[in-house]
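Remarks on the structure that follows.
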Amino acid sequence: MTLGLGIESTAHTFSASVIDDSGKIRSNVKSVYRPPSGSGIHPREASRHHAEVAPSVVLSALKESSINYRELDFIAYSAGPGLGPCLRVGATISRFIAAYYDKPLIPVHHGVGHIELGSLLTDANDPLVLLLSGGHTMVLAAVNGRWRVFGETLDLTLGQLIDQFGRTIGLASPAGPTVEKIAEKGSKYVDMPYAVKGNDLSFSGLLTSVKRKMPEEIQENLAFSLQETAFAMLSEVAERALALLHKKELLVVGGVAANARLRQMLELVSDRHGCKLKDVPAEYAGDCGAQIAWTGWLYFKSGYSVKPEKAFVSQSWRIDEVDVPWRS
Ligand code: AMP
Ligand code: MG
């Protein structure tokens, strides 16, 4: 039995998880930094939060799975992309554990973590992926050992669009769940710019437009119209990629995947293409250590690890630059 520890710290969440080689999640402990209402994540404050909670989160993850450091076969950490100060907290603690206990250390791309845990939990085999985390809005499919991009945002991510709208109406980030509730009460569609370019997306005009309309329209209708427009844009690019690639599974991962209205639209898209919608259980849709631990295991199995002194973090690391040998 192989046991791995995964540590996630790219943005608001510090999380640690122990997973085994059968894909059983033995523990998945999280602590989320909450910025004050109306403001976004402050990297220094978030990293301070992470540094404070890190020892107890890691210890709880080990305790819940009834193992100690020595029984671990590898340590995996999210090496990017993300906020520099936050990434460094996770990398430092991982490097220390790996060096002290002489364990293989595995840097994991955060986006790959979202996708691979999603595939494990939904039993997806060769999906078209919508990666909708705070830092990504991408349409992806695996070709020759890499996740290749078939559409992405040219400016804001979908999560940033929703969070920045939330901030302007006084919500703290991440604002997605509250914006979703507000949108459910909206009934009138307010015209908004729809910007699909080729198979890419642009959300910045949508944000400007919704801010401009703030004085003359109620929040509920604005939230509703923002979601309808942005989700329709995403559905269009997903549909075009499905028509091109003929995938039989559509896997939706990342925090925004928790949105019920988005899932409803993607269900219709999937039905039209004879494809099965695979959505990750809400508990594992957002950032968590299990994503990193499971992807760590896939790398471990492929024989990949780094020496602690070679451990790195990368704030902007494109997913299509990362080798995923098990997808060859
Ligand atoms: P992640 O980085 O994967 O944890 O995703 C975080 C992003 O997901 C943030 O931008 C959140 O606002 C967004 N999010 C979380 N829940 C929802 C929801 N129910 N609807 C829309 N966006 C959401
Ligand atoms: Mg994420």
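Note that the working numbering numbers the sequence shown so that position 27 is 945, with each residue one more than the last.
Idealized CB from N, CA, C, for every residue including glycine.
Every value quoted in this text rests on a predicted model; they were computed, and no experiment measured them.
*Should Arg1013 go down as buried or exposed, given a rule of 16 or more other Cβ atoms within 10 Å for buried?*
Here residue 1013 refers to the residue found at position 95 of the sequence shown. Counting Cβ neighbours within 10 Å, Arg1013 comes out buried, since at least 16 surround it.
*Enumerate in chain order the residues of its own chain whose CB-to-CB distance from Glu1267 is below 7 Å, with the five nearest sequence positions on each side excluded.*
As displayed, the chain neither begins before 919 nor continues past 1246, which places residue 1267 out of reach and without an answer.
*Grouping DSSP H, G and I as helix and E and B as strand, with all else coil, what is Tyr1112?*
Position 194 of the sequence shown, counted from the first residue, corresponds to residue 1112. When secondary structure is reduced to three states using DSSP, Tyr1112 falls in the coil class, being assigned neither helix nor strand.
*For Ile1033, which residues from the same chain have a beta carbon less than 8 Å from its beta carbon, with the 5 sequence-adjacent residues on both sides left out?*
For this step, residue 1033 is matched to residue 115 along the sequence shown. The beta carbon of Ile1033 sits closer than 8 Å to those of Val1047, Leu1049, Leu1058, Trp1065, Leu1169 and Val1171, all from its chain and outside the five residues before and after it, given in chain order.
*Check Arg944 in the structure and name its three-state DSSP category.*
Locating residue 944 in the sequence shown gives position 26, where the first residue counts as 1. Arg944 falls in the strand class under three-state DSSP.
*Rounded separation between Phe1068 and Leu1163 - CA only*: Numbered from its first residue, the sequence shown carries residue 1068 at position 150. Numbered from its first residue, the sequence shown carries residue 1163 at position 245. So the two alpha carbons sit approximately 10 Å from each other.
*Could you check which residue in Ala972, Arg1006 and Val1026 has the C-alpha nearest to that of Ser996?*
Position 78 of the sequence shown, counted from the start, is the residue given in the question as residue 996. It is Val1026 whose Cα lies nearest to the Cα of Ser996.
*Lys1228 in three-state terms, based on DSSP*: As a working note, residue 1228 is residue 310 in the sequence shown. Per DSSP, reduced to three states, the secondary structure at Lys1228 is helical.
*Under a three-way DSSP split, which group does Tyr995 fall into?*
Within the sequence shown, the letter at position 77 stands for residue 995. In the structure shown, Tyr995 sits in a strand (DSSP, three-state: E or B).
*Bridge-paired residues (DSSP) for Pro1025*: One-based indexing of the sequence shown puts residue 1025 at position 107. DSSP lists Tyr995 as partners of Pro1025.
*asked:* Using CA atoms only, rank isn't needed, just tell me which of Ala1200, Ser1220 and His930 is closest to Gly1000.
replied: Position 82 of the sequence shown, counted from the start, is the residue given in the question as residue 1000. The shortest C-alpha separation from Gly1000 is found at His930.
*Mind checking whether the beta-carbon of Ile1100 lies closer than 7 Å to any heavy atom of the ligand AMP?*
For the purposes of this step, residue 1100 is taken as residue 182 along the sequence shown, with counting starting at 1. No, Cβ of Ile1100 sits at least 7 Å from all heavy atoms of the ligand AMP.
*Can you find a heavy atom of the ligand AMP that lies under 7 Å from the Cβ of Asn946?*
Along the sequence shown, read from residue 1 onward, the residue named residue 946 stands at position 28. Answer for Asn946: no, Cβ out of range of the ligand AMP.
*Mind checking who Ser949 pairs with in its DSSP beta bridge?*
To locate residue 949, count along the sequence shown from 1; it is residue 31. DSSP, once it has assigned bridges, lists Phe932 as partnering Ser949.
*Would you list, in sequence order, the uninterrupted beta strand (DSSP E) runs of no fewer than 3 residues that lie entirely inside the segment 1049-1135?*
Fully enclosed beta strand (DSSP E) runs of 3 or longer: 1056-1061 and 1064-1070.
*State the DSSP-derived secondary structure class of Val1240, mapped to helix, strand or coil.*
If you number the sequence shown from 1, residue 1240 lands on position 322. Three-state result, Val1240: coil.
_the ligand AMP heavy atom lying under 7 Å from the CB of Ile1011_ = For the purposes of this step, residue 1011 is identified with residue 93 of the sequence shown, where counting begins at 1. No - the ligand AMP has no heavy atom lying nearer than 7 Å to the Cβ of Ile1011.
_Rounded straight-line distance, which links the Cα of Trp1215 to that of Ala1176_ = On the sequence shown, position 258 is the one that residue 1176 refers to. On the sequence shown, position 297 is the one that residue 1215 refers to. The straight-line gap from Cα to Cα measures roughly 26 Å.
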